[in-house]
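Heads up: the structure comes next, in structure tokens.
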Amino acid sequence: MTVLVVVVALVVAIATYLTWLARRLDRLAARVSDAGGGLVTQLVARADAAAQLAERCGLDELAASAARARASYPALLAGAPLDAAVELAENVLSRALRSAQVAAAGQRFPVELHAVDSGAARVALARQFHNDAVRDQRALAGRRVVRVFHLSGRRPPPGYFEIDDALPIREEPWPRLVEGSAYGADTGVREDRPGRDGPLGHDDRPGLAS
Amino acid sequence: MRIGLACPYTWDVPGGVQVHVRDLAEALLAAGHEVSVITPVDDEQTLPSYAVDAGRALPLPYNGSVARLLMGPVSAARVRRWLREHDFDVLHVHEPSAPSVSLLACMFADGPIVATFHTANPRSRFLTAAQGALQPSFEKLRARIAVSEAARRTLVEHLGADAILIPNGVAVQHFADARPLPGYDDGRPTVAFLGRIDEPRKGLDVLLAAMPALAARIDGARLLVAGPGDAAAVRARLEPELRSRVDLLGLVSDADKPRVFASGQVYCAPNTGQESFGIVLLEAMAAGTAVVASDIDAFRRVLDDGRAGRLFDVGDPAQLAATLAAVLTDPAGAAGLVRRGREVVETYDWRAIAERIVGVYEMVSGDRRVSLAST
Chain B
44 MTVLVVVVAL VVAIATYLTW LARRLDRLAA RVSDAGGGLV TQLVARADAA AQLAERCGLD
104 ELAASAARAR ASYPALLAGA PLDAAVELAE NVLSRALRSA QVAAAGQRFP VELHAVDSGA
164 ARVALARQFH NDAVRDQRAL AGRRVVRVFH LSGRRPPPGY FEIDDALPIR EEPWPRLVEG
224 SAYGADTGVR EDRPGRDGPL GHDDRPGLAS
Chain H
222 MRIGLACPYT WDVPGGVQVH VRDLAEALLA AGHEVSVITP VDDEQTLPSY AVDAGRALPL
282 PYNGSVARLL MGPVSAARVR RWLREHDFDV LHVHEPSAPS VSLLACMFAD GPIVATFHTA
342 NPRSRFLTAA QGALQPSFEK LRARIAVSEA ARRTLVEHLG ADAILIPNGV AVQHFADARP
402 LPGYDDGRPT VAFLGRIDEP RKGLDVLLAA MPALAARIDG ARLLVAGPGD AAAVRARLEP
462 ELRSRVDLLG LVSDADKPRV FASGQVYCAP NTGQESFGIV LLEAMAAGTA VVASDIDAFR
522 RVLDDGRAGR LFDVGDPAQL AATLAAVLTD PAGAAGLVRR GREVVETYDW RAIAERIVGV
582 YEMVSGDRRV SLAST
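Protein sequence lines correspond, in order, to chains B and H.
Take any residue in the first sequence, count from 1 to its spot, add 43: that is its number in my numbering.
Take any residue in the second sequence, count from 1 to its spot, add 221: that is its number in my numbering.
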């Protein structure tokens, strides 16, 4: 009798624990998916701002890279994954935004330049939120108990989104903690983040100090 | 937006986190958002209309000082009810690593949750030990904010997670209009100090040690000390000839705090370390008082590398006396510091800071709302 009670209690405890783990995984999947949606929103906003600046200033290179990035957005907004092709197109856009022509054009169109810069800062933030979520989900999904009991189901592990989103350096009167862009403070801490500029894809926690 | 703020520490006990939550709540309300705060409180009468009582907290030693914490079935039920009754767009928990209301809110809620980390503690044994237990709650955080570089580093080192740096705000207007306290509007050279007088890391002893040298250089120089602690013990330690030069005011009310800054030509922050952020320096700058502070990392950042206030080597009374004398005898230089200080402090105005925090809310909220988690 006692043995039976103990066995039943044990089974109940294990089942409760596994259910709790499965709920956590579901919640993390929802967080990753929301963060991915938020990231796409910010990518779209940045490319729109870039296209506008390119049009105002007649910057062909910027216009081309913005158009290339924008080509993938209908699919992304419909739920396509943020894959390597997207990363490549966004990298090209990031580089175009840091070019000397853009900085020079921004002298004449400060409002458009500001829109581009705060768009870029928001992309960097959204990417951090996304990759944080991915890291948390991968950490839990990688636990042995989760794998043994197939608690992740058929969900493929989410991928990190790795692009070069370093912000352009602009002349600012007060650059240290609060920049002109909404999230400028983020640039102030970049230099002491190992992994940020290192080879991508090797670090298990890219973009984050370990 | 409908915003829920969770504050872990007792509302009517003075503390930086409580002040931060209050000022943020009021800045958000002023910007037209709906805000509800849940917090432990001793005397419910002290709660403003936008705050909800989570119960009474227990005093426990935490992070080198006494924190008053709360984790019981009654407060758990109150936190759940608060979440259920408010259909928040975003839940913003403060210092969720403390075992209190914020952590409870994290445990019970699901959806867009943002956390702000205040503490800087390079080697927190508590955080290291609790990491595994905190992870299920922390993995719900969609964005993390740190109020200082040191707080961000603490988070990275203990929890392996990065955070956005958004500093504490200052209610600039509240300080800018302050008048000197009665008896301090006579133009006599005055150094002001604000902080606990018996807490060594606030550095009052360094400042007292600098006073004889300062008095020798500047006739009539006096020191105004405001802050709680054992005044009789401090007075007993003073050299007799210094006693007439040092005024110990004791604890001052929130309303009088700006007036303390306005009473000095110089505000001195002789802290000896472990400060994560120099909010008090910003308040002095907002009041238009020149600042002299220890050269610690957080202060150097706030003072724009010495352009918005003079720095001296930590714990060096001789250098402090020389720096104070230099500022007191050079009105043009002091005015320059004050001017730069006002520029710096503008970027920390709560209106600007709250706007940046709302930017984070907007990025994480999307179409999902805060709900009770199925546990």
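Yeah, the Cβ is synthetic: ideal placement off N, Cα and C, and Gly gets one too.
Review point. Going straight from the alpha carbon of L429 of chain H to that of L541 of chain H, what length do you get?
Key: Computed Cα separation, rounded: 10 Å.
Check your understanding: Where does A442 of chain H sit, in a helix, a strand or coil, going by DSSP?
Key -> DSSP places A442 of chain H in coil when its eight states are reduced to three.
Review point. Can you list, in chain order, the stretches of the alpha helix (DSSP H) that have 4 or more residues and sit fully within the stretch 438 to 520 of chain H?
Key: The stretch 438 to 520 of chain H contains these whole alpha helix (DSSP H) runs: 452 to 458, 478 to 483 and 500 to 507.
Review point. Rounded to the nearest angstrom, how far is the Cβ of G530 of chain H from that of L558 of chain H, given a contact under 8 Å?
Key: At roughly 6 Å, the Cβ-Cβ gap stays under 8 Å, so G530 of chain H and L558 of chain H are in contact.
Practice item. Would you mind working out which of H:V487, H:P449 and H:A514 sits nearest V427 of chain H, comparing C-alpha positions? Key: Answer by Cα proximity: H:A514.
Review point. Identify the residues that DSSP records as bridge partners of F152 of chain B: which are they?
Key: Its beta-bridge partners do not exist; DSSP assigns none.
Point to revise | Proximal chain H residues relative to D179 of chain B, where beta-carbon distance stays under 7 Å | key: Identification of chain H residues near D179 of chain B by a Cβ-Cβ cut-off of 7 Å yields E360, ordered along the chain.
Review point. Out of B:A118, B:L156, B:A52 and B:A163, which has the shortest C-alpha to C-alpha gap to G80 of chain B?
Key: Here the closest residue by C-alpha is B:A118.
Point to revise | E255 of chain H (DSSP reduced to helix, strand or coil) | key: E255 of chain H: strand per DSSP, three-state reduction.
Point to revise | I418 of chain H in three-state terms, based on DSSP | key: DSSP places I418 of chain H outside both helix and strand once states are collapsed to three, so it counts as coil.
**Study point:** Of the residues H:P410, H:F482 and H:M432, the one placed nearest E460 of chain H, counting alpha carbons only
**Key:** Cα-wise, what sits closest to E460 of chain H is H:M432.
Practice item. Report the option in B:A127, B:Q150, B:A121 and B:A109 whose CA atom is closest to the CA atom of R138 of chain B. Key: Looking at the Cα atoms, B:A109 is the closest of the given residues.
Practice item. Please compile the residues from chain B whose C-beta is within a distance smaller than 7 Å of the C-beta of P357 of chain H. Key: Going along chain B in sequence order, the residues near P357 of chain H (Cβ under 7 Å) are R67.
Check your understanding: Listing by chain order, which chain H residues have their CB less than 9 Å from the CB of A132 of chain B?
Key -> Correct list: empty, because the minimum Cβ distance to chain H is about 22 Å.
Exercise for review: Grab the span of the beta strand (DSSP E) containing I334 of chain H for me, first residue to last.
Suggested key: First-last of the beta strand (DSSP E) with I334 of chain H: I334 to F338.
Check your understanding: Taking only beta-carbon atoms, is G196 of chain B less than 9 Å away from chain H?
Key -> No, its Cβ sits nowhere closer than 9 Å to a Cβ of chain H.
Check your understanding: I think P211 of chain B touches A146 of chain B, with their Cβ atoms under 8 Å apart; what is that distance to the nearest whole Å?
Key -> About 7 Å; that satisfies the 8 Å criterion.
Review point. Is the CB of I500 of chain H under 9 Å away from at least one CB in chain B?
Key: Closer than 9 Å: no.
Review point. When the cut-off is 9 Å and only beta carbons count, does D229 of chain B lie next to chain H?
Key: Its pLDDT being 38, under 50, D229 of chain B is placed unreliably in this model, and the coordinates cannot settle the point.
Point to revise | Residues near M328 of chain H by beta carbon distance below 6 Å, same chain, minus five either side | key: Taken in chain order, the residues that qualify are S358.
Practice item. Determine whether the Cβ of R301 of chain H lies closer than 9 Å to any Cβ atom of chain B. Key: No - not a single Cβ of chain B is within 9 Å of the one on R301 of chain H.
Check your understanding: Quick one: does R560 of chain H have its CB under 9 Å from some CB of chain B?
Key -> Cβ-Cβ to chain B under 9 Å: no for R560 of chain H.
**Study point:** Euclidean distance between Cα positions of A457 of chain H and V467 of chain H
**Key:** One Cα belongs to A457 of chain H, the other to V467 of chain H, and the distance between them is close to 12 Å.
Check your understanding: Is Q171 of chain B near R74 of chain B, with beta carbons less than 9 Å apart?
Key -> No. Outside cutoff.
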